[in-house]
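Following: one structure in structure tokens, then a few remarks.
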Amino acid sequence: MDLLPGLLLVFVLAFQACSSGFQLQGADGPLVAQLGGSVLLPCSAETPLPLEELEVEWRRTDSDALVHLFQEGEVRPESQNEGYRDRALFTGEIAKGNYSLLLSNMTTEDAGVYSCNVYTGEESGDVRVEVKGFEYLVVNGSDQAVSLHVGEKVTLNCSVDSHAKPERMVVTWKRTDENILVLLFQDGEVLSDSSHERYRGRAEFFTSEIPKGNFSLRLKDVRTEDKGEYICEAFSGPLSANTTVTLQKTDVPPRILVLMLCVLVLVLTVGLSIPAVIHLKKKDTGLKAMTTHLLLVFCPNIILSIALFIYGLTVGKTLAAVINILRILLLFKTAPYLERFCERIKAFMKNWNVTLAHLVVAGVLNSGKE
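Right, dumping it as structure tokens:
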């Protein structure tokens, strides 16, 4: 019987020791944030602590930077590290035992481990929360309207940059003015059968480019009724982003414009060649001969290059225009007025212009680009 009071005293002391202090609850695991978005760093006590002696301190463990501070019953924003000022806020429930921190406008530099330290009197507790990765989804397109040419192909640009792999995303092309589905990519597949009947068999992705995030839409056999606004929208979990492209009809089809320019080139070439040949036969090196030859060298070639460039835009091959410009260097070889230039220019025209033209052509061909 004498042992009973002693055992009772030990039990009471042990109970007091176990019940003293407080436990904080944090995140169950690392957090994933959205770039530019917000993330809540959890930290709470089961029982609210008295505010009189309460101090809550959030810090970065890697740099010891003070993220936020609650002290003497007040939030202390002036104590924050400048990088977190106006971005790190308490949730307003400190009196309820919720010391969680809301961090907004997230950047990649915000990744790391954060420590929530709580002090009250002689007691303290802490939890750590890790921001491990970021979710992001960015969709880019073309700022300029795309020209529509009946019967031809047209490409509407759309590139998707995301933390997620393409097979985990959903990408749709729609007509915004009529709200009809043009093309759908889902579960790693192009679902052509889901396209509206007007676009079925005419709309396609560049499938080999999808792993690179290229979800541009190629529309074949373009019709007048295809003009309008199109939206490329991507979805990845809770994230979504989009870009719009306007397809508009132009008054002059590019091939007709190219044909008109080619006719103009022919007229200029014939019209200028006759006096140029006369000057060459007379071995005339005067100002008139030089002017005629310069017009013959530059005008037809520049106009022809413009024509080739316009045509190249419609078929995706524009380097022919670049190569055509090099003909100007070759034509200078026959200039009757080379002697009027300084020695350095004459030497270049006679010895290096052809070599330079060949090097450029070889470089273009070896680049593998069209």
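Residue numbers for the sequence shown, in mature numbering (1 follows the signal peptide of the UniProt record, and there is no 0): -21 to -1, 1 to 349. Quick reminder that beta carbons are idealized off the backbone N, C-alpha and C, glycines included.
Residue i (DSSP reduced to helix, strand or coil)
{"i": "Leu259", "result": "helix"}
{"i": "Ala220", "result": "strand"}
{"i": "Tyr209", "result": "strand"}
{"i": "Lys199", "result": "coil"}
{"i": "Asp140", "result": "strand"}
{"i": "Ala44", "result": "coil"}
{"i": "Phe184", "result": "strand"}
{"i": "Glu72", "result": "coil"}
{"i": "Ser121", "result": "coil"}
First through last residue of the beta strand (DSSP E) which encompasses residue i
{"i": "Leu14", "result": "No beta strand (DSSP E) contains Leu14, which DSSP labels as neither H nor E."}
{"i": "Asn96", "result": "Gly91 to Thr99"}
{"i": "Ala67", "result": "Ala67 to Phe69"}
{"i": "Lys111", "result": "Glu102 to Glu114"}
{"i": "Lys191", "result": "It is not in any beta strand (DSSP E) - Lys191 carries neither H nor E in the DSSP assignment."}
{"i": "Gln165", "result": "Ile159 to Gln165"}
{"i": "Thr87", "result": "Thr87 -> no beta strand (DSSP E), and no H or E assigned at all."}
{"i": "Lys132", "result": "Element bounds for Lys132: n/a, residue is neither H nor E."}
{"i": "Glu61", "result": "Premise fails: Glu61 is in no beta strand (DSSP E) and is neither H nor E."}
Local Cβ density within 10 Å of residue i, reported as buried at 16 or more and exposed below that
{"i": "Gln50", "result": "exposed"}
{"i": "Pro279", "result": "buried"}
{"i": "Asp89", "result": "buried"}
{"i": "Leu20", "result": "buried"}
{"i": "Gly52", "result": "exposed"}
{"i": "residue 371", "result": "Only positions -21 to 349 of the chain appear in the structure, and residue 371 is not among them; the question remains open."}
{"i": "Asn87", "result": "As written in the sequence, residue 87 is Thr, which differs from the Asn given in the question. Thr87 should be labelled exposed."}
Identity of the residue in the options nearest residue i by Cα
{"i": "Ser161", "options": "Asp205, Ala143, Val276 and Glu31", "result": "Strictly speaking, residue 161 in this sequence is Val, with Ser absent from that position. If we check each option's Cα against that of Val161, Asp205 comes out closest."}
{"i": "Asp140", "options": "His175, Glu188 and Glu109", "result": "Glu188"}
{"i": "Phe214", "options": "Leu245, Arg202, Val117 and Phe184", "result": "Val117"}
{"i": "Val224", "options": "Ala124, Thr86 and Ala268", "result": "Ala124"}
{"i": "Lys75", "options": "Pro27, Phe113 and Glu114", "result": "Pro27"}
{"i": "Leu198", "options": "Pro190, Leu243, Arg179 and Gly192", "result": "Arg179"}
{"i": "Gln59", "options": "Gly250, Leu82, Val92 and Glu72", "result": "Leu82"}
{"i": "Ser126", "options": "Glu212, Thr203 and Gly216", "result": "Thr203"}
{"i": "Ala6", "options": "Glu36, Asp105 and Leu68", "result": "Asp105"}
{"i": "Leu45", "options": "Glu101, Leu68 and Ile285", "result": "Leu68"}
{"i": "Leu247", "options": "His47, Glu31, Thr134 and Val276", "result": "Val276"}
{"i": "Gly167", "options": "Arg177, Phe194 and Glu176", "result": "Phe194"}
beta-carbon residue i near the ligand ZN non-hydrogen atom, thresh 6 Å
{"i": "Glu176", "result": "Among the ligands in the structure shown, none appear at all, so the ligand ZN cannot be discussed."}
Beta carbon proximity, residue i to chain C, threshold 7 Å
{"i": "Leu116", "result": "Note that chain C does not occur in the displayed structure, where there is just one protein chain."}
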